[in-house]
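Before any comments, here is the structure.
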Amino acid sequence: MAIIYIDKEPYDVEAGNNLLHACLSLGFDLPYFCWHPAMGSVGACRQCGVKQFQDEEDAEGRIVMACMT
1373 MAIIYIDKEP YDVEAGNNLL HACLSLGFDL PYFCWHPAMG SVGACRQCGV KQFQDEEDAE
1433 GRIVMACMT
């Protein structure tokens, strides 16, 4: 298991899945178009962009595609 934080709330998710799959399995409604769980991640549509922070000290973060993490 892995822990991810969404809006400062911790969530236990299955390790090995990308962030998009983890968020969808938790019931979050992230937009996406080009990703399917049976296929590899492409990241071409750019709809699943999220801001990812390295740790609590990271104030800026960076935009990543949730299907590619």
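Per our numbering, the sequence shown starts with residue 1373, numbered consecutively.
From the three backbone atoms N, C-alpha and C, an ideal C-beta is built for every residue, glycine too.
Whose CA, out of the options, lies closest to the CA of residue i?
{"i": "V1422", "options": "M1440, W1407, S1397", "result": "M1440"}
{"i": "D1401", "options": "G1415, A1416, C1420, M1411", "result": "C1420"}
{"i": "P1403", "options": "L1391, A1410, M1411", "result": "L1391"}
{"i": "P1382", "options": "A1438, V1436, D1427", "result": "D1427"}
{"i": "F1405", "options": "C1417, A1438, C1395", "result": "C1417"}
{"i": "M1437", "options": "W1407, E1429, D1430", "result": "W1407"}
Does DSSP put residue i in a helix, in a strand, or in coil?
{"i": "A1374", "result": "strand"}
{"i": "M1440", "result": "helix"}
Please indicate yes or no: does the CB of residue i lie closer than 6 Å to some heavy atom of the ligand FAD?
{"i": "V1422", "result": "No copy of the ligand FAD appears in this structure; indeed no ligand is present at all."}
How about residue i and residue j: do their beta carbons lie closer than 7 Å?
{"i": "V1385", "j": "I1376", "result": "yes"}
{"i": "G1415", "j": "Q1424", "result": "no"}
With 16 other CB atoms within 10 Å as the buried threshold, where does residue i fall?
{"i": "S1413", "result": "buried"}
{"i": "A1387", "result": "exposed"}
{"i": "M1373", "result": "exposed"}
{"i": "G1410", "result": "At residue 1410 the sequence reads Ala, which differs from the Gly that was named. With fewer than 16 other Cβ atoms within 10 Å, it is exposed."}
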